[in-house]
Every structure is written in C-alpha cells, then in structure tokens.
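Visitor: Residue numbers (the numbering used here), protein chains in the order written: chain A, 912 to 1232; chain B, 3 to 338; chain C, 40 to 412.
The beta carbon of each residue, even a glycine, is placed where N, CA and C say it ideally should be.
It should be emphasised that the depicted structure is a prediction, and the values quoted were computed from it without experimental measurement.
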Amino acid sequence: MELNREQLLAAYHQMRTIREFEERVHREFSSGSIPGFVHLYAGEEACAVGVCMNLSAKDYIASTHRGHGHCIAKGCDVKAMMKEIFGRKGGLCGGKGGSMHIADMSKGMMGANGIVGGGPPLICGAALTAKTLKTGGVAVAFVGDGGFNQGTTLESMNLAAVWKLPAIFVLEDNGYAESTASSWSISGEPVKRAAGFGIPGEQVNGHDFFAVYEAARKAISRTREGGGPSFLHFKVSRYFGHFEGDATTYRGAGEVDKVRAERDCLTLFRKRVEGAGLLKADQLDTIDKEVAALIDAAVAEAKAAPEPSAEDLLTDVYASY
Amino acid sequence: MSKKSFRQAVNEALRDEMRRDSRVILMGEDIAGGMGAAGEQDAWGGPLGVTKGLMPEFGRERVLDTPISESAFIGAAVGAAATGLRPVADLMFIDFMGVCFDQILNQAAKLRYMFGGKATVPVVIRTMFGAGFRAASQHSQGLYPLFAHVPGLKVVVPSSPYEAKGLMTQAIRDDDPVIFCEHKAMYDDQEDVPDEPYAIPFGEANVTREGDDVTIVAIGRMVKFANEVADKLGKQGISCTVIDPRTISPLDRNTIIDSVEETGRLVVVDEASPRCGMAADIAALVAQDAFKALKAPVRMVTPPHTPVPFSAALEDIYIPGVPRIEAAVRAVAGQA
Amino acid sequence: MAGEITALTMPKWGLAMTEGKLVAWNVAEGTPVAPGQPIVEIETEKITNVYEAPAGGVLRKCVAVAGDTLPVGALIGVLADPSVSDEDIARFIEEFRAEAPETSAAEAEAVRVASVTVNGRPIQYLKMGDAGGIPLLLVHGLGGDLNNWLFNQPVLAQKHTVYALDLPGHGGSTKDVGGGDIGAMTAAVVGFLDALSVDRAHFVGHSLGGGIALSAALEHPRRAATLTLISPVGLGSEINVDYIDGFIQSERRKEMKVVLGRLFAKPEIVSNEMVNDVLKYKRLEGVKAALSTIARAIFRGNKQGFIVRDRLSEISAPIQIIWGEQDAIIPSSQVAGLPASVSVHMLAGVGHMAHMEQPQEVNKLIERLVTSS
Chain A
912 MELNREQLLA
922 AYHQMRTIRE
932 FEERVHREFS
942 SGSIPGFVHL
952 YAGEEACAVG
962 VCMNLSAKDY
972 IASTHRGHGH
982 CIAKGCDVKA
992 MMKEIFGRKG
1002 GLCGGKGGSM
1012 HIADMSKGMM
1022 GANGIVGGGP
1032 PLICGAALTA
1042 KTLKTGGVAV
1052 AFVGDGGFNQ
1062 GTTLESMNLA
1072 AVWKLPAIFV
1082 LEDNGYAEST
1092 ASSWSISGEP
1102 VKRAAGFGIP
1112 GEQVNGHDFF
1122 AVYEAARKAI
1132 SRTREGGGPS
1142 FLHFKVSRYF
1152 GHFEGDATTY
1162 RGAGEVDKVR
1172 AERDCLTLFR
1182 KRVEGAGLLK
1192 ADQLDTIDKE
1202 VAALIDAAVA
1212 EAKAAPEPSA
1222 EDLLTDVYAS
1232 Y
Chain B
3 MSKKSFRQAV
13 NEALRDEMRR
23 DSRVILMGED
33 IAGGMGAAGE
43 QDAWGGPLGV
53 TKGLMPEFGR
63 ERVLDTPISE
73 SAFIGAAVGA
83 AATGLRPVAD
93 LMFIDFMGVC
103 FDQILNQAAK
113 LRYMFGGKAT
123 VPVVIRTMFG
133 AGFRAASQHS
143 QGLYPLFAHV
153 PGLKVVVPSS
163 PYEAKGLMTQ
173 AIRDDDPVIF
183 CEHKAMYDDQ
193 EDVPDEPYAI
203 PFGEANVTRE
213 GDDVTIVAIG
223 RMVKFANEVA
233 DKLGKQGISC
243 TVIDPRTISP
253 LDRNTIIDSV
263 EETGRLVVVD
273 EASPRCGMAA
283 DIAALVAQDA
293 FKALKAPVRM
303 VTPPHTPVPF
313 SAALEDIYIP
323 GVPRIEAAVR
333 AVAGQA
Chain C
40 MAGEITALTM
50 PKWGLAMTEG
60 KLVAWNVAEG
70 TPVAPGQPIV
80 EIETEKITNV
90 YEAPAGGVLR
100 KCVAVAGDTL
110 PVGALIGVLA
120 DPSVSDEDIA
130 RFIEEFRAEA
140 PETSAAEAEA
150 VRVASVTVNG
160 RPIQYLKMGD
170 AGGIPLLLVH
180 GLGGDLNNWL
190 FNQPVLAQKH
200 TVYALDLPGH
210 GGSTKDVGGG
220 DIGAMTAAVV
230 GFLDALSVDR
240 AHFVGHSLGG
250 GIALSAALEH
260 PRRAATLTLI
270 SPVGLGSEIN
280 VDYIDGFIQS
290 ERRKEMKVVL
300 GRLFAKPEIV
310 SNEMVNDVLK
320 YKRLEGVKAA
330 LSTIARAIFR
340 GNKQGFIVRD
350 RLSEISAPIQ
360 IIWGEQDAII
370 PSSQVAGLPA
380 SVSVHMLAGV
390 GHMAHMEQPQ
400 EVNKLIERLV
410 TSS
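#1: What are the start and end residues of the alpha helix (DSSP H) that includes residue 154 of chain C?
#2: For residue 1069 of chain A and chain B, any beta-carbon pair shorter than 8 Å?
#3: Just how far apart, CA to CA, sit residue 22 of chain B and residue 191 of chain B?
#4: Contact defined as beta carbons within less than 8 Å: I believe residue 164 of chain C pairs with residue 155 of chain C. What is the distance between those atoms, to the nearest angstrom?
#5: Indicate the three-state DSSP secondary structure (helix, strand or coil) for residue 982 of chain A in the structure shown.
#6: Considering only residues of the same chain and omitting the five flanking positions on each side of residue 916 of chain A, which have a CB-CB separation below 8 Å?
#7: Which one of C/196, C/153, C/102 has the shortest CA to CA distance from residue 129 of chain C?
#8: If we ignore side chains and look at the alpha-carbon of each, how far apart do residue 393 of chain C and residue 305 of chain C end up?
#9: Look up residue 73 of chain B in the DSSP assignment and say whether it is helix, strand or coil.
#10: With a threshold of 8 Å, are at least 3 pairs of Cβ atoms found where one atom belongs to the segment 1128-1136 of chain A and the other to the segment 1070-1081 of chain A?
#11: Just to check my reading of the structure: residue 1153 of chain A and residue 950 of chain A have Cβ atoms closer than 8 Å, yes? What is that Cβ distance to the nearest angstrom?
#12: Could you check the C-alpha separation between residue 180 of chain B and residue 1033 of chain A for me, to the nearest Å?
#13: Closest to residue 958 of chain A by C-alpha separation, out of A/1219, A/1082, A/1100, would be which residue?
#14: At 3 residues or longer, what runs of the beta strand (DSSP E) sit wholly inside the segment 219-301 of chain B?
#15: Name the chain C residues whose beta carbon is nearer than 8 Å to that of residue 196 of chain B?
#16: Assuming contact is defined by CB atoms lying nearer than 8 Å, are residue 173 of chain C and residue 261 of chain C in contact in what I supplied?
#17: By the 10 Å Cβ neighbour count, where 16 or more other Cβ atoms means buried, how is residue 289 of chain C classified, buried or exposed?
#18: Could you check if residue 148 of chain C is buried or exposed, using at least 16 other CB atoms within 10 Å of its CB as the buried criterion?
#19: For residue 307 of chain B, count the other beta carbons within 10 Å of its own beta carbon; 16 or more makes it buried, fewer makes it exposed. Which is it?
#20: Output needed for residue 328 of chain B: all residues of its chain with C-beta closer than 8 Å, excluding positions within five of it in sequence on either side, in chain order.
#21: Counting only Cβ-Cβ distances shorter than 9 Å, please list the residues of the segment 1176-1197 of chain A near chain B, keeping chain order.
#22: Can you give me the C-alpha to C-alpha distance between residue 144 of chain C and residue 27 of chain B, rounded to a whole angstrom?
#23: Could you check where the beta strand (DSSP E) with residue 358 of chain C kicks off and where it finishes?
#24: Assess, as a yes-or-no matter, whether the segment 374-393 of chain C is touched by the segment 284-304 of chain C under the definition of 3 or more beta carbon pairs within less than 8 Å.
#25: Taking the C-alpha atoms as reference points, what is the distance between residue 122 of chain C and residue 91 of chain C?
#26: Is the Cβ of residue 191 of chain C closer than 8 Å to any Cβ of chain B?
#27: Measure the alpha-carbon distance for residue 209 of chain B versus residue 246 of chain B and round it to whole angstroms.
#28: Restricting to runs no shorter than 3 residues, where is the beta strand (DSSP E) found entirely within the segment 915-979 of chain A?
#29: Which first and last residues belong to the alpha helix (DSSP H) in which residue 249 of chain C is found?
#30: Assign residue 349 of chain C to one of two classes, buried (16 or more other C-beta atoms within 10 Å of its C-beta) or exposed (fewer than that).
#31: Which bits of chain C does residue 168 of chain B rub up against, with CB to CB less than 8 Å?
#32: Unbroken alpha helix (DSSP H) runs of length 4 or more, entirely within the segment 1086-1124 of chain A: which are they?
#33: To the nearest angstrom, report how far apart residue 305 of chain B and residue 126 of chain C are at their CA atoms.
#34: In the DSSP assignment, the alpha helix (DSSP H) including residue 290 of chain C goes from what residue to what residue?
#35: From this set, A/1017, A/991, A/1019, A/1018, which residue's C-alpha is nearest residue 1006 of chain A's C-alpha?
#36: Return the bridge partner residues of residue 58 of chain C from the DSSP annotation.
Structural data, given as structure tokens:
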C-alpha cells in the first residue's frame, strides 16, 4: 500500500523526533543531569514507527526497557516524556516511573518494562480485552533478542495462538542482549520458532522503514481480521550501549560507524523519498529544525520543572487502601 | 439465607458478579475442564470444583481454560485488567506463584505507581493454600505473607464461608490487584450465607469473640481454631478477644492495637512460616505501638520453619492447632 | 401447688442463640421467689438479660453456677414447694438431664422462621405459641428485624400466638420497599395478616413499626384489637435524623457501634455481635437503597412526615404508649397532650429500645392490655 505525503512526513517526523530525543538524552546523561538507568533506541527508529503507523489509539503496545522510541511512535507527549526521564513533576508518570517504566495508557502505551520479557503476557491480556469487548483493537508486544528467550515470551506466544488472540509479537533483534550476541543466544531461526507455535512470521530489515511498514501492515491487518497472532523479526542495530555508560567494548571495531554510514534508517528514508520525488529535501530539513527546537524546549522545560513533592511518594500505590 | 459451603460461597460470589458485570471473566487451568477434549465439558470446575457450573452459564468466552502456563495467563489477566476487563485468574496452588511471580510482583503490583496513577488493575488472583491435605512441600504452603510484603497488592485470607462470599464480591469490585487466598481444607466448611450478594469492606478486621484477658489474632483457617480455644477457655476464666484481620494487606492495625491496649496480652496465630511472616509482623506492630499495654511477652503460634512435610504423622504436628493455641493463651495469661 | 417441680432452663433469646453464660444468681438457694421475679442474669453473645421465674416456689437448687456456659434448654436450677423432698429434687434433675437433649432439639425445631408471599414478594416471619384467641403481631422499627423481640416473643407466646415479621427492606423479607412510605409499609403488614388468614391482631409496634400500627388501625379499624406503641413514629415532627443517616451510611464496625449506642440509655449494651449482625444485614444488596427510600419517604426534610396525633380519637381500639425517658431518637416529650384515653407508660433509665432494655416491664404491659381487652 502506498503511503501519501502526509503519512511520509509524519513517519519522518516521528523517526527524527526519536533520534533527536535519544541523542539529546545521551548528551544530558553524560553531563549528569539525568539519573538512573537509561537505554537508548537510536538506530532502531524505523521499527517502532513502521509498526505504530499501523495502529490507532484503541490498539495497545507493550515495550521493553528500551522504550522511548515506542512511546514517541505511539503518540506520547514528548515534553512530558522528557520530564519523566528527568524525574520531574509533570512527567508522563509524575516522575515515579522514569525511563524504564514510561507509559501512557490513554495512548495505548502499556509501558516500557524493566523486566526483560515482562510485556508479552500483558499484551495477551490487552488482546483478550479487545477480543472479549470486540473493540476491533490489536495488541503488540515488542521484545528484544534477550526477551525472545524468556519463558514469558514463549508462553505468551503459545497462549495467544491457543486463544486466537489479536496479538502481534515483534522481535527487535539489535544484535545484542546486553553484551551477549543474539547470533549466539538465540538457538534456531526466530521465524521458525514462531511457526512452531503456529504463528506466521517474517524476517525484515529493520533499518528500512518501508520494509518494516509493509510487513507490519500485512501482519497487523491479518491479525486484526481475526487471523490470530502474527510475528515479525526485525534485524536492526542500536547506536548506543545497552545502557548509558556502557563502553560497548564487546562490539567489533567500527561496527556502529559502518551501520550509521550505510544503513541508517533516516538516511535511507530520505534517499528513497527524495529519489522518488515524493518529498523534497527542504521539507525534511524543516522537520529536522522543528524537531530540534521541540527537543530543546523539552529539555529546558524538564530542567525547569519542579521535583515531585514528598507527598507524591505515598500516592498512586492503590486506587483505595 | 441457607447453609452453604465455602466452595459454594466462592462460586456464588463469582456467579453473581459475572451476572452483574459482563467485564468480569475467569481464567485458569481446568476451571471448566475438558477444553479441547472429546469427553465431558465443565468436567472439573477447578481441581476442587469451586468454579463448577460457571462455564455452562457464561460460556467459554468468559470462563477461559488455559494451558498450564501461569506466567502467560496470570500476566494476561493483569494486562486485561489494565485495559478494561475485570478478570479473576485462578492460580491453582499458591505454591505455583514461583513460576509467575514477576507478573504479580513487578507488573500487577506496580503498574499503577510506575504510571503515576494512570493505570487501574482490577484483577483478582484466586489461589489455594494450606496444609492438611498430605499434599507435601509444593502444594501445601501458606505463602500469602510474600504477597503482603509487596506494595500495590491487596491480600485477602477469608476465615469462613460467609466471609469468603462477601470478601470475594469486594475483591471483584475492587479497583486494585487482589490476591484471594482460599484454604483448601475449608471448602466443605458450612455456615449460613445470605443468598443475596454482599460485599465486606477491605481493611476492617472482624472481631469474632470479645474478651478482656487475651487478644488472639488469627488468620484464615486459624480463626476457627482460635474461636474454639476462646470458647473453651472462656468457661475456665480466661476471656479472649479473637481478631480475624480478613485482609492482611491492608491490615486493620487499629483494631489490633485497641484490643491489646484493653487486654495487655497477645497471641498471634498463623499457618505461614514464622520468619518474616504475618505473625512476626503483627507482633512487631504491637511491640512498637502498644508496648506499654503489654503485661506478658507476645506469643506467636506458627508452624516450625520447615517445608510442609508429606507424612501424616509429621504434617499433623506441623499445623498449629487448638492445643498449641490454648497453651500459648494460657502462658500469656499466666496459667500455664 | 404442693409436689410440683419447675425446671429453670437456659432460655433461647433470639434465633441464633445456642448457648448462654450464667452471669449471676439474683437469689440464693432456699429463697422463695414469685412468678415473674428476676432470678438470674444470663449473657449471650448478643446481649445480657435477666431471666424471670416462670412460676412461684422456692429456689431449691442452683444446678448451674456463675460463669457456666450451657446450651439452650439445659437445666440451670429447680423451683419447687418446700414440701418436695430433696430426693425427689435430685431424681428430677437426673431425669431431666437424661431427657434434655431431645427436649432442646424439639424446641429448636419449633422456632424456625417461615416466609409467606405478600403482593408477590416474600415476607419472613416467626410464629411462636399456638394459643387460641386473637394473636399478637410484633412490628419492628427502621433497620430492625424480628429478632428485636427476642425477649418478648417467647414470653408472650406462653399465653398467645405471637407473630413477629420482617418489614419489607428488612431481615429476610423482600428488599423491594416500593415507595417506602407508611402506606406501602402498612399495605405489606395488612397483606401479611391476610396471607396468614389472621383477621384481627393485637398490634405491638416499635418506632417506625408503631407508626405502621397506627396507620393500620386508622386504615383498617377492624384489624387492630389493641395497640401497644413503643417510642412510636407518628406523634410529633421531631426525630433524630443524624441517627438515621448514621445508621444508613455506616459501613464499619466502630462507626456502627457508636450509632447503635444512641438507641440505648446504656450504650454499653451494644455488643460486638449486635454490631456484626447489623452490618451483615446492611451489606446485603438492596438494603441501603431500601432504607434510604423509607427514610426519604417518611422522614423528609429532617422531620417526621407522618403525624397522626390529631386522629388518635378515630381509633376505637385501646392504645397504650411505652416510652423510654432517655429516648435519644424520638423524644418522649411527644406524649404530652395526648387524649386521656391513651395510656402512657414512661420508663426511667430507658432509651429508644424499651422492649430490649426493660423487657419484663414491657411484656407485663402488653400482657395486661391484651388480657383486659
């Protein structure tokens, strides 16, 4: 299916926002203004955006510890996200969740998750809700190549298939679970693993927005139409370490530079749309500037936002207690 | 009003709430039974028949049998709760928490807090616990203090059929994740239970006996034993108050403290292991907040710090019973 | 009468009572006692009360002593004429004990609530006694039930057939109260008499039940043989709305204990068990709505909405009014200025619950009115 200009502009805007967001967080973290554990999504933007462009507000996603990109792609407020990562009042979760638990249920974003493999069972639940209440919605579990070996993920794939749930399992295989290569840790072919559960799947170049979008479109519509769960395996790379502060000495020399130069999703996207005459370079440059300004403002506002007050410690544990 | 078993009481609460609210669904292993099999459907109604008859009334869409896959379906119940259903998931034996604890501990309990109050997780996890069935170490434990330790969870341990129905009704209507712990040796206990639906509020202890000399706080099945001791010793000049917390999280601190301030003596009876358990927790609470009122050291009546044994000869001495409770009450009352 | 021996047994006060604890004997062994004299204090889980001698005689033997807990129907003492030999007393005790279990089982069987359909909805009631003559009908107040008459019904049933019912919205009866107004309540009560083919009855009504008795006597003059009204609704505008709101809204033990305490001159009479029973009732689906509907219909604007003091002269049946001087719910001052034909009995040291707080006196007054008419 052809994307129209507005859709292409939106896709680029989102991918650029994620990139700008992550690179800025990388710098702010290095300068010591962001506390805690932060895992960056830069390099993988095409996956989140290509999938989420096929979703609407009634659809849910569950993310991983590397969740900023999924959040932005699902429509979360970027400024509130930045405040959250800074641990400030007005953050998306009031400063209680932080980078690893960033979420917005009203946007169908069921949270980044600090537990590897934590999300897929929740997504079975969201899919069960959609099926039971006949909302027409689907639910998407993003897992990394680490999470793909967790029992929760495998159990969830089985349960989703057994219950014929409208669930889509997306493996973002960025090559490393922490410092361990996925080529070593995943035995067998992921697509065949899914097939073992009776779930059809496809391996896709995760740097290519158009390939991701098209594969996701087919999988999601198949699932949405009652075809049961689907599986997607994106081969992709992350530009930064497992966490901020990871020296990434386990990666080969020049590995990241080579990906940035040859397979960067934003560069590939620009080449494709400009080459085909779909969008003009200055349109995209304008977006770059808008996004840079947005992220500047988000950081400035986050730094200026007050810390949560002591009373906030005790609220939101229970609906009532 | 009619005599109903604990089993019927729970079944009736589930049935009434499913009739009242179409968002209430059940899921668990063999809660109907016979899924995909050629023979009888609703063959089991759960291993002890608690959910029998619900699938025929509400259909497989609302009474979902699951594969033996606790991580997936307990997590699915949590995810479904966060997105608009009110699931009651059956974690068959509390001992099986080990294979799905992440979904309870890190997901169900924390979504609301981590999301700054923007998630509501109205899930109920029903689970059987308790010794006395010769079911050995992996099917007999009283692990509910592990749940009570986790902020974000509510933990209910009902002590009778009447209590079970009212507390289950509240559990389903409650907007927080609730762990509902049913003692497997109580399913055939009978008492008068109203036919109408009713909800017992969480966080308010029940006082089943009123006395001046000793406060006994007992949990779950132990309440019955504590009542027996109170009735017996009442005739022998030791009058006991028996407090059934009903919910160990939230815990009705005030009822316990107020009572100890009147009696000055406390015996805590729990079937869970002694270390970091409810008995220790309640004893510490009283030591901190009612120390001046105490006329005798607090006594805890619990099993020894061992796994639950298989042999009947061993299991019978493992479980705290009437004689040990009586001895503890006599000891604190100075009549040992 | 020479040679007659009377067994004093653990009374059954209320359906749930299975055993009682003897608190203290008020008279010593060997003392002569008159019929109706309070002779022993009995404590149940719900309430403490004095037990009256069912006959005259000498208290020959205290079989149970203070502190003993015994099942309902168990022998606690023996009354007899001084002419009866000690051997006969001993033999009587032995024989009684041998037969006792069957007796108490039969007694337990006899007191069971039943249900009858009135206007298509269930009304629960308890019948005690089977004497001929006009039966008595006991009508409880707002939030009460037939168990409120636990100290009255068994005593009155010794000479009469006595019905106690649960009003709509209460006890084991329908939770559908219709409009909840006096008319709807009266229709249910008269419908209950119709359903049991009771033509006339001596009405005994407490509080709201008193108002219903008044309304029944006005609307159906033939049905009421006499009226005994205990702290009744219907004689003045004042009523403690805080109590009513508190009763309807309270869901917790402590709050409810305070609320119920206002009913009695001595709030400590409210036991944990009484509070638990009220909470159990109040938790039932439909109860809160039913009580609110009744309260709105009958006590709107913080006042009683059904006042018939000017119409008492239209009632030809004899009327007596019993009121606790310390009634904190409906002030006893409302008896002022009533027609002389109405006999008024003010009880000192009593609150809103005269029939529970001073049952002996209330039973006597009821008995006297019923017998004299």
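Guide: In short:
#1: Counting along the chain, residue 154 of chain C falls outside any alpha helix (DSSP H), though it belongs to the beta strand (DSSP E) covering 153-157.
#2: Closer than 8 Å: yes.
#3: Looking at the two C-alpha atoms, the distance is approximately 27 Å.
#4: Residue 164 of chain C to residue 155 of chain C, Cβ: 7 Å. Contact.
#5: Correct three-state label for residue 982 of chain A: helix.
#6: Excluding residues within five positions, the ones whose Cβ falls inside 8 Å are 1189, 1190.
#7: Checked all of C/196, C/153, C/102; the closest Cα to residue 129 of chain C is C/102.
#8: When only Cα atoms are considered, residue 393 of chain C and residue 305 of chain C end up about 12 Å apart.
#9: DSSP places residue 73 of chain B in helix when its eight states are reduced to three.
#10: A contact is defined here as three or more CB-CB pairs under 8 Å, and the segment 1128-1136 of chain A meets this definition with respect to the segment 1070-1081 of chain A.
#11: Indeed, because the Cβ distance is near 7 Å, the residues count as touching under 8 Å.
#12: The alpha-carbon atoms of residue 180 of chain B and residue 1033 of chain A are separated by roughly 17 Å.
#13: Relative to the Cα of residue 958 of chain A, the nearest Cα in the group A/1219, A/1082, A/1100 belongs to A/1082.
#14: Whole beta strand (DSSP E) segments, 3+ residues: 242-246, 249-251, 268-271.
#15: The contacting residues are 319, 323.
#16: Remark: C-beta atoms of residue 173 of chain C and residue 261 of chain C do not approach each other more closely than 8 Å.
#17: Buried: at least 16 other Cβ atoms inside 10 Å.
#18: Confidence in residue 148 of chain C is poor, its pLDDT being 48 and thus under 50, which makes the residue's placement too unreliable to answer from.
#19: With fewer than 16 other CB atoms across the displayed protein chains lying within 10 angstroms of its CB, residue 307 of chain B is exposed.
#20: Excluding residues within five positions, the ones whose Cβ falls inside 8 Å are 231, 234, 235.
#21: Look at the segment 1176-1197 of chain A: it has no residue with a C-beta under 9 Å from a C-beta of chain B.
#22: Confidence at residue 144 of chain C is low in this model, with a pLDDT of 47, below 50, so its placement is unreliable and the value that follows should be read with caution. Residue 144 of chain C and residue 27 of chain B have their C-alpha atoms roughly 45 Å apart.
#23: Where residue 358 of chain C is concerned, the enclosing beta strand (DSSP E) stretches over 358-363.
#24: Taking 8 Å as the limit for Cβ pairs, the verdict is that the segment 374-393 of chain C does touch the segment 284-304 of chain C.
#25: Using only the alpha carbons, I get a separation of about 23 Å.
#26: Between residue 191 of chain C and chain B, the shortest Cβ-Cβ separation is not below 8 Å.
#27: So the two alpha carbons sit approximately 6 Å from each other.
#28: Fully enclosed beta strand (DSSP E) runs of 3 or longer: 971-973.
#29: Counting along the chain, the alpha helix (DSSP H) containing residue 249 of chain C begins and ends at 247-258.
#30: Around the beta-carbon of residue 349 of chain C, fewer than 16 other beta-carbon atoms lie within 10 Å, marking it exposed.
#31: Within 8 Å of the CB of residue 168 of chain B, the CB atoms of chain C belong to 322, in sequence order along the chain.
#32: For the segment 1086-1124 of chain A, whole alpha helix (DSSP H) runs of length 4 or above, ordered along the chain, are 1093-1096, 1101-1107.
#33: Answer to the nearest angstrom: the Cα atoms are 54 Å apart.
#34: Judged by DSSP secondary structure, residue 290 of chain C falls outside any alpha helix (DSSP H); it is assigned neither H nor E.
#35: Ranking A/1017, A/991, A/1019, A/1018 by Cα distance to residue 1006 of chain A puts A/991 first.
#36: Looking at the DSSP assignment, residue 58 of chain C forms a beta bridge with C/110.
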